[in-house]
Structure formats: structure tokens, C-alpha cells
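Chemist: Below are the C-alpha cells for one structure; questions will follow.
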Amino acid sequence: MNSDTHLQVLGISGSLRIASFNSGLLRAAQELAPDRMEITIFDIKELPLYNGDVEAQGDPSSVIALKSAIRDADAILFATPEYNWGTSGALKNAIDWASRDRQEGSLMGKPSTIIGAGGRAGTGRAQMQLQLNLAETGSVVMVKPGVLVQAFAPQQFDSEGNLIDKQTKELLRKHLDEFTKWIFQLVRPREFVRHACEMDTSA
Ligand SMILES: Cc1cc2nc3c(=O)[nH]c(=O)nc-3n(C[C@H](O)[C@H](O)[C@H](O)COP(=O)(O)O)c2cc1C
């Protein structure tokens, strides 16, 4: 478990594009995260396709790094694009590898949430599919308030995929605030009560 005062959140983008809107959402999340939350981004582009034969020889270094980053985190923030009504193959593959870890701190029981940008439905269908995948891993997913961004570049993102839209930033900030409270309620209930009491007395 990490330090008492800070939540360590691991951000994973399902898009490998350099100017990806979803990776841009994660970078914006790093800036907008509440004081008590720190977001580190894990890049999944080096992961090989899941293969039981490769696994039987021992996890490749990128897989070891992924599993260990998940174990070190209090929670996971997934940013998914929508490809053919589902999440990307790259993100599903990362989850398949990660799901093979059953040690303490793995996806089993780990709080997570999903945000996404792209397409006409703002990744709604991809997010639903991802919720199902995560349910099987044992990760506990916060669904509301939700961040579903219908990405209409260049209004919302600049040419490098950085989020520039104020309304979307506000949505993201709200989602991260709720995520923080929810993680404390879920995994740090005693600390949550103490924090709530401190807020009461300072009001
Ligand atoms: C193979 C492929 C399939 C796609 N399928 C859908 C889809 O089913 N629904 C949708 O709304 N957008 C779809 N899109 C559009 C993506 O959601 C959009 O390109 C998005 O910006 C990708 O995320 P990124 O900017 O993070 O790379 C698809 C794009 C690709 C490349």
C-alpha cells in the first residue's frame, strides 16, 4: 500500500497514436487531478500479443513492468478509444496479460474507472465492453459521473492531441474528484472518515 496521503493512480491509454485524443485525456487528467491524487502513465505499445507459450517461458520485460505498475498503484484510470464498437485490441491485450497476475495488488479487487474520447458515441460502447472485461478480472469499476468525449478535433484537442476544451476539462475534473472519494471509501474507509471529519471542522 502506498503513502497515506496520496493516491497513486496508473493511467493506461488504449490508443498507440502519438497524437491520440485518449492519451491527451490522460495527460489532461494528470494536470486536473485533485491534490491527493498522482497519475502516472504506463505506455502499452511494447507489450507483445498475449500468447500462452510466451507466458510459459516467463513474462517478457514489458509484461513484468505492466504487472508491477498495476500492483504499485492504488487504482487504474483507463482511457479507451472505440474501435468497431469495442475497446482497442491493444488495450484488451494489456488487460489479458494483466489478468494473469493473481498476486496481491493485481487487477483482482483493484479500483478502476474508464474515460474515453472518439467517434460519434464518445466511446460509450467501448466503455461498456471494457466494463465487462474488467468485471472478469475482478477490478471494481466506478462508472459515474463518466467522461465520454465525442472528439471533434480541432475544437477539443490541438494537433498534438492535447485537450483544450474547457467544458471537457471540467467534466474530467469532476470525474477525478469523484474517483478520489470513491477510492478512499472503497479501499481506505478509515482515512475517508478522518478526511471527512477534517473537512467538517474546517467548514
Ligand atoms: C479501426 C477503427 C475502428 C473504429 N471504430 C469506431 C467505432 O466503432 N465507433 C466510433 O465511434 N468510432 C470508431 N472509430 C474512430 C475512433 O474512435 C477515433 O479514431 C478515435 O479518435 C481514436 O482514438 P485516439 O484519438 O485516441 O487514437 C474507429 C477508428 C478506427 C481506426
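Numbering (this note's numbering), first residue to last: 6 to 208.
Just so it is clear, CB atoms sit at the ideal spot from N, CA and C, and this is done for glycine as well.
(1) So, at 6 angstroms on beta carbons, what are the nonlocal neighbours of Thr142 in its own chain, with the 5 sequence-adjacent residues on each side left out?
(2) Can you tell me whether Ile69 is buried or exposed? The criterion is at least 16 other CB atoms within 10 Å of its CB, across all chains shown.
(3) The alpha helix (DSSP H) with Thr185 in it runs from where to where?
(4) Can you find the residues in the same chain that come closer than 7 angstroms, C-beta to C-beta, to Pro39, ignoring five residues on each side of it along the sequence?
(5) Between Arg22 and ligand 1, is the CB less than 6 angstroms from at least one heavy atom?
(6) Can you tell me where the alpha helix (DSSP H) with Ile69 in it begins and where it stops?
(7) Using a threshold of 7 angstroms, state whether the C-beta atoms of Gln13 and Glu36 are closer than that.
(8) Mind checking who Pro116 pairs with in its DSSP beta bridge?
(9) Strictly by DSSP, which residues pair up with Val152?
(10) Kindly examine ligand 1 and report whether one of its heavy atoms sits closer than 6 angstroms to the Cβ of Ser25.
(11) Let me check understanding here. Comparing Cα to Cα, which of Gly16, Arg41 and Ala84 lies closest to Phe189?
(12) Measuring alpha carbon to alpha carbon, tell me which of Leu168, Asn138, Asp77 and Gly63 ends up nearest Ile119.
(13) Using 6 angstroms as the cut-off, classify the Cβ of Tyr88 as near or not near the heavy atoms of ligand 1, replying yes or no.
(14) Identify, in the order they occur along the chain, each residue of the same chain with its Cβ nearer than 7 angstroms to the Cβ of Asp170, setting aside the five sequence neighbours on each side.
(15) Which residue marks the beginning of the alpha helix (DSSP H) containing Leu15, and which one marks its end?
(16) Using beta carbons (cut-off 7 angstroms, strictly below), is Met113 in contact with chain B?
Modeler: On the basis of the supplied data:
(1) Ser104 and Leu112
(2) exposed
(3) Lys171 to Val192
(4) Leu181, Asp182 and Thr185
(5) yes
(6) Ser66 to Asp77
(7) no
(8) Val145
(9) Ile120
(10) yes
(11) Arg41
(12) Asn138
(13) yes
(14) Gln160 and Gln161
(15) Counting along the chain, Leu15 falls outside any alpha helix (DSSP H), though it belongs to the beta strand (DSSP E) covering Leu12 to Ser18.
(16) Looking for chain B here will not work: only one protein chain is present.
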